[in-house]
Amino acid sequence: MSKEEALLLLLISVGAFIMPFVARKFHVPTAVSELLYGMFIGSFLHFEPHAMGIINFLAELGFIVLMYMAGLELDAEDLQKTSNKTLLIFISHFLAIVLFSVILVNIIGLPPYFNLFIVITSIGLLFPILSELDIMETKLGKELLILGSIGEVFSLLALTAFTVIYNYGISYGGLLHILKLAAFCAAAFFTLKLLQLFTWWFPNKLSFMAKTGVSSETGLRGNFLNMLVFVALAAFLNIEVIIGAFIGGMLFAAVFKAREKIQEGFEMIGHGFLVPIFFIYVGLNFETSLLMDFTVVKYALLLCLLIIIVRVLAGFVFLFGAYRLNNIPVFPFSTSFSLTLLIAAAKLGESLGVFSKDISGGVVLASIISALIFPLFFRIIIKKLVV
Numbered sequence: 047m048s049k050e051e052a053l054l055l056l057l058i059s060v061g062a063f064i065m066p067f068v069a070r071k072f073h074v075p076t077a078v079s080e081l082l083y084g085m086f087i088g089s090f091l092h093f094e095p096h097a098m099g100i101i102n103f104l105a106e107l108g109f110i111v112l113m114y115m116a117g118l119e120l121d122a123e124d125l126q127k128t129s130n131k132t133l134l135i136f137i138s139h140f141l142a143i144v145l146f147s148v149i150l151v152n153i154i155g156l157p158p159y160f161n162l163f164i165v166i167t168s169i170g171l172l173f174p175i176l177s178e179l180d181i182m183e184t185k186l187g188k189e190l191l192i193l194g195s196i197g198e199v200f201s202l203l204a205l206t207a208f209t210v211i212y213n214y215g216i217s218y219g220g221l222l223h224i225l226k227l228a229a230f231c232a233a234a235f236f237t238l239k240l241l242q243l244f245t246w247w248f249p250n251k252l253s254f255m256a257k258t259g260v261s262s263e264t265g266l267r268g269n270f271l272n273m274l275v276f277v278a279l280a281a282f283l284n285i286e287v288i289i290g291a292f293i294g295g296m297l298f299a300a301v302f303k304a305r306e307k308i309q310e311g312f313e314m315i316g317h318g319f320l321v322p323i324f325f326i327y328v329g330l331n332f333e334t335s336l337l338m339d340f341t342v343v344k345y346a347l348l349l350c351l352l353i354i355i356v357r358v359l360a361g362f363v364f365l366f367g368a369y370r371l372n373n374i375p376v377f378p379f380s381t382s383f384s385l386t387l388l389i390a391a392a393k394l395g396e397s398l399g400v401f402s403k404d405i406s407g408g409v410v411l412a413s414i415i416s417a418l419i420f421p422l423f424f425r426i427i428i429k430k431l432v433v
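As structure tokens, then:
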């Protein structure tokens with residue numbers, strides 16, 4: 047390891063340690079503070095590409111772990127308990143978001159891929175906010191999580207469609223890629239059913255996969271094995287590894303109902319080390335000179351505005367549910383701060399060579415602004431309107 051590489055690793059490790067305290071002090075999401083820290087050190091220190099080797103690897107692993115944890119957070123049992131009418135309303139909400147997004151993007155004259163940024167939904171920041179407001183276990187809290195989970199699945203489908211279109215276009219290669227993805231999902235579903243049947247007949251045979259508190263920590267090892275198996279399979283099939291990681295997390299969550307302890311242990315490693323490195327790395331690679339570029343700032347502000355406008359417009363579908371009128375505004379705002387997947391979209395588009403630095407920088411900046419502003423509105427709505 048070179049001195050430059052060691053210095054960078056030290057700075058990132060220090061930042062990963064202190065940023066949660068800074069975030070708590072200034073009441074901002076930890077991920078935002080990590081992004082800003084990366085931007086800060088990147089604006090003063092410039093590292094050669096060879097010094098980024100180990101950081102590139104850890105950041106990529108952190109991104110994979112982040113998507114795996116997103117899959118782990120999906121609760122299939124809560125989804126099954128939700129009424130068909132409620133599920134239909136939630137799905138209709140995201141279809142309406144897509145519709146209004148397409149209309150507004152066409153009216154304004156933006157590139158079509160702006161629809162991807164607008165419709166993306168992530169629940170990474172919603173969890174801590176619901177926990178802080180002490181409504182995680184309430185009916186409303188569970189419905190907000192289910193709504194966000196459905197939106198996250200929609201978002202991953204949108205990211206996949208975006209990748210296929212820009213890699214293959216409307217062609218035989220694109221169709222083959224979609225068939226590979228469908229086969230991968232079908233295999234995962236078939237594996238899920240087999241494992242559920244196996245655990246029903248032999249409930250103790252796979253218990254080691256969720257076992258914690260022992261020296262070997264087989265539960266944590268089993269989680270990492272499960273994650274990396276799905277990532278490797280996705281890579282072999284030329285499917286986006288984040289899709290593989292997400293599906294792997296969903297599979298584990300569906301098979302192991304009593305997974306709270308192992309999930310907590312896995313998230314300690316993820317949020318405690320790997321995920322912060324990913325966010326700091328994104329900030330480190332953000333060119334702060336773009337903040338002085340009117341085009342970048344314009345794209346960021348416009349994107350934030352469109353994100354909330356389309357969700358408010360699409361909120362009309364909740365009028366068809368059994369919701370109080372003063373409770374309805376909370377639903378559109380709950381899906382408006384999609385920090386993690388917005389950054390994922392920017393990172394993906396940049397790797398494909400689709401976005402310019404202006405666009406990518408604008409998306410990252412929009413993710414920071416939306417993560418700072420929209421949660422404040424969400425908290426106000428919860429405290430003032432929800433009864």
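The sequence shown finishes on residue 433 if you use this note's numbering, and the numbering steps up by one all the way, no holes.
No residue lacks a Cβ here, since even glycine has one placed at the ideal position from N, Cα and C.
Bear in mind that the values here come from a model prediction, so they are computed numbers and not experimental data.
Taking the alpha carbon of Met296 as the point to measure from, which residue in Ile87, Leu112, Leu387 has its own alpha carbon closest? In the sequence shown, the residue the question calls residue 296 occupies position 250. Checking every option, the nearest Cα to that of Met296 belongs to Leu112.
DSSP three-state assignment for Glu50, whether helix, strand or coil: Stepping through the sequence shown from its first residue, residue 50 is reached at position 4. Helix.
Report back the beta-carbon spacing between Phe136 and Ala360 to the nearest angstrom; my notes put them in contact at under 8 Å. Position 90 of the sequence shown holds residue 136. Position 314 of the sequence shown holds residue 360. Contact flag wrong, Cβ pair sits at about 11 Å.
Excluding five sequence neighbours on each side, which residues of the same chain lie with their C-beta closer than 8 Å to the C-beta of Ile428? Taking the first residue of the sequence shown as 1, we reach residue 428 at position 382. Once the five neighbours on either side are set aside, the close Cβ partners of Ile428 are Leu179, Ile181, Val376.
Can we say the segment 283-302 touches the segment 71-84, given the rule of at least three CB pairs closer than 8 Å? no
If you draw a straight line from the C-alpha of Ile414 to the C-alpha of Leu133, how long is it? As a position in the sequence shown, residue 414 is number 368, starting the count at 1. As a position in the sequence shown, residue 133 is number 87, starting the count at 1. Their Cα atoms are separated by approximately 30 Å.
When you compare only the Cα positions, how much space is there between Gly407 and Pro157? Within the sequence shown, the letter at position 361 stands for residue 407. Within the sequence shown, the letter at position 111 stands for residue 157. Straight-line Cα distance between these residues: approximately 16 Å.
Roughly how many whole angstroms lie between the Cα atoms of Met338 and Lys131? If you number the sequence shown from 1, residue 338 lands on position 292. If you number the sequence shown from 1, residue 131 lands on position 85. In a straight line, the C-alpha of Met338 is about 48 Å away from that of Lys131.
What residue range is occupied by the uninterrupted alpha helix (DSSP H) comprising Glu106? Within the sequence shown, the letter at position 60 stands for residue 106. Counting along the chain, the alpha helix (DSSP H) containing Glu106 begins and ends at 99-118.
CA-CA distance, Asn269 and Leu125? The residue labelled residue 269 in the question sits at position 223 within the sequence shown. The residue labelled residue 125 in the question sits at position 79 within the sequence shown. Answer to the nearest angstrom: the Cα atoms are 23 Å apart.
Straight-line Cα distance separating Leu279 from Ala233: Taking the first residue of the sequence shown as position 1, residue 233 is located at position 187. Taking the first residue of the sequence shown as position 1, residue 279 is located at position 233. Rounded to the nearest angstrom, the two C-alpha atoms are 11 Å apart.
What number of angstroms, rounded off, separates the C-alpha of Leu55 from the C-alpha of Glu286? Position 9 of the sequence shown, counted from the start, is the residue given in the question as residue 55. Position 240 of the sequence shown, counted from the start, is the residue given in the question as residue 286. Distance between the alpha carbons of Leu55 and Glu286 is about 27 Å.
Looking at the structure shown, is Glu80 part of a helix, part of a strand, or coil, going by DSSP? As a working note, residue 80 is residue 34 in the sequence shown. DSSP places Glu80 in helix when its eight states are reduced to three.
Within this structure, are the beta carbons of Ser382 and Ile355 separated by less than 8 Å? The count along the sequence shown starts at 1 and reaches residue 382 at position 336. The count along the sequence shown starts at 1 and reaches residue 355 at position 309. Their beta carbons are not under 8 Å apart, which means Ser382 does not touch Ile355 by this criterion.
Are Ile169 and Leu191 closer than 8 Å when you measure CB to CB? Sequence index remark: in the sequence shown, residue 169 carries index 123 (1-based). Sequence index remark: in the sequence shown, residue 191 carries index 145 (1-based). Result yes, Cβ atoms of Ile169 and Leu191 sit closer than 8 Å.
Whole-angstrom Cβ separation of Phe424 and Ser380, contact assumed at under 8 Å? As a first step, residue 424 must be located in the sequence shown, where it is residue number 378. As a first step, residue 380 must be located in the sequence shown, where it is residue number 334. The C-beta distance from Phe424 to Ser380 rounds to 6 Å, short enough to fall under 8 Å.
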